[in-house]
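Working notes, structure below.
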Amino acid sequence: MTKEKFGEKITFMPDATRGAVRFLTSNQLKETGTKNVVVNTLHLLISPGPDKIEELGGIHEFMNWHEGYMLSDSGGFQVFSLLHSKEWEGKIDRDGATFKSPREGKIYTLTPESSIEIQMKLGTDILVALDDCRDAQIERKEAEESVHRTLEWAQRALAHFEKLGGRKQGKLISCVVQGANYLDLREYCAKELSKMNFDGYNFGGYVVNDKGKLVLEEMKVVIQNTPKGKFKYAMGVGKPQDIIEAAKLGYTVFDTVLVTRNARHGTLYSFDKEDYMLRIKNARYSSDLAPIDSSCDCEACKNHSRAYIHHMIRIGEATGMTLATIHNLMFYQRLVEKLNRV
Ligand SMILES: [Zn+2]
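So that you can map any letter, position 27 of the sequence shown is 27 in UniProt numbering, and since no number is skipped, the others follow by simple counting.
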């Protein structure tokens, strides 16, 4: 298999959080045209654990996924949001986070070094340096603190990545630009990170404002102040329209849990709709014999009607969720294919 350079073309990566895209087999995932996927470091750290995955030959082997690249996040976003919201017990300091897993009560630490170590053991191709992410709306002082810590951690993560031989093994490492909605902080963070030898620059923090609009100005500043020729990853973006907007700015790497989560809850995507949205649970689809999308040839659209999917999702049938997930992923892969043709 010849892989294209990661991020050269626009790519959408579904979240295979725990080593699977929910409700799909690896084979079904392949049929949606998906190449690259994201796995979640925190979830895999807790179960089955990085040592186990390493022992089993790494996450590519474990999941039997050889279509493209696998990217692991740093685990920071989940840990920090769980700790900030007090859902999980633990503390965050200059070194990283220490937390207790509610499932088995085990104590874990996540530092810039340990996050890289876990990702190396998982055997992913693209790693992310741990960053200090905070809540959506924060005061300037807190945003400054998050930027300083993010820069310090980025350096530590990069040094550890080199030490463990990540570069020699052909792996890539990206960093996260913080700064909340303060444009000068975003600029400063982007410029400082650009002095370090990262392969990609990720837009971190919250990507939509309190009105649900994409934070385009902040995203633009990050593009303008990071090196050309390195991939730009808009983490967690997003809705089809948001991907179109962010791609115009120069972002080429996308992932969002929305696509698959929405599928399971009956929000489907269709090029037949002006806003691309089709809420399949709506009563009007109960006798609709048309496919979800007349231009789609996924398993759901080729073989089943809107009425059938409507019924399956309404009763919470797993088969319906599988079909809806296949369709939504295929929609996103078709969307980025269209964007790559422009
Ligand atoms: Zn379809």
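Think of the CB as a built atom: it goes at the ideal place given N, C-alpha and C, for glycine as much as any other residue.
Bear in mind the structure is a predicted one, so any value in this text is a computation, not a measurement.
For residue j and residue i, believed in contact at Cβ under 8 Å, the rounded distance
i      : j      : result
Thr41  : Gln119 : 6 Å
Leu122 : Leu44  : 6 Å
Leu323 : Ile10  : Not confirmed; about 26 Å, so no contact.
Met70  : Asp125 : 6 Å
Val79  : Leu56  : Incorrect: roughly 24 Å between the Cβ atoms, too far for contact.
Ser115 : Gly75  : 6 Å
Gly19  : Ile59  : 7 Å
Tyr182 : Ala143 : 5 Å
Ala234 : Phe203 : 5 Å
Met219 : Arg264 : That pair is no contact at about 28 Å.
Range of the contiguous alpha helix (DSSP H) that encloses residue i
i      : result
Met219 : Leu216 to Gln224
Asp51  : Pro50 to Glu55
Ser26  : Ser26 to Lys30
Glu61  : Ile59 to Met63
For residue i: DSSP bridge partner residues
i      : result
Phe231 : Gly200
Met120 : Paired residue(s): none; Met120 is not in a bridge.
Phe271 : None, per the DSSP bridge assignment.
Tyr182 : Tyr182 is not bridged to any residue.
Lys91  : Thr98
Phe12  : Phe254
Leu127 : Ile173
Val39  : Ser72
Lys208 : Just to set this straight, residue 208 is Val in the shown sequence, not Lys. Partner(s): Leu214.
Proximity test, residue i beta-carbon vs ligand 3 heavy atom, cut-off 8 Å
i      : result
Met312 : The ligand content of the structure shown is limited to ligand 1, which means ligand 3 is not among them.
Range covered by the beta strand (DSSP E) that runs through residue i
i      : result
Thr325 : First-last for Thr325: Ala318 to Arg341, but that is the alpha helix (DSSP H), not the beta strand (DSSP E).
Ser72  : Met70 to Ser72
Cys175 : Leu172 to Val177
His109 : Rather than His, the amino acid found at residue 109 in this sequence is Thr. Residues Ile107 to Leu110.
Ile138 : Segment: none, Ile138 is in no beta strand (DSSP E) and carries neither H nor E.
Leu249 : Where Leu249 is concerned, there is no enclosing beta strand (DSSP E), although the alpha helix (DSSP H) it sits in stretches over Pro240 to Leu249.
Chain-order list of residues whose beta-carbon lies under 6 Å from that of residue i (same chain, five-residue window excluded)
i      : result
Glu187 : Val221 and Asn225
Glu89  : Lys100
Tyr276 : Pro240 and Tyr269
Lys35  : Glu67 and Gly68
Val147 : Gln178, Gly179, Leu185 and Cys189
Arg149 : Asp132
Met1   : Residue placement at Met1 is poorly supported in this model, since its pLDDT is 48, which falls under 50; the coordinates are not used for a value here.
Lys191 : Asn225
Phe161 : Ile116 and Ile173
Ser295 : Phe271
Cβ shell of residue i (< 8 Å), same chain only, five flanking positions each side left out
i      : result
Gly250 : Ile223 and Lys232
Gly238 : Val207, Val208, Leu214, Ala246, Phe254, Thr256 and Leu258
Ala300 : Pro291, Ile292, Ile309, Leu323, Ala324, Ile326 and His327
Asp51  : Lys121
Leu164 : Ile116, Glu117 and Met120
Neighbourhood of residue i by C-beta distance below 7 Å, restricted to the same chain and skipping five residues each side
i      : result
Tyr285 : Arg306, Ala307 and His310
Asp73  : Val38, Asn40, Thr41 and Val128
Gly33  : Met330 and Gln333
Gly205 : Cys133, Gln178 and Ala180
Phe62  : Gly19, Ile53 and Leu56
> Which full runs of the beta strand (DSSP E) of 3+ residues lie inside the segment 265–310, going along the chain?
Replying inline: 267–269 and 277–279
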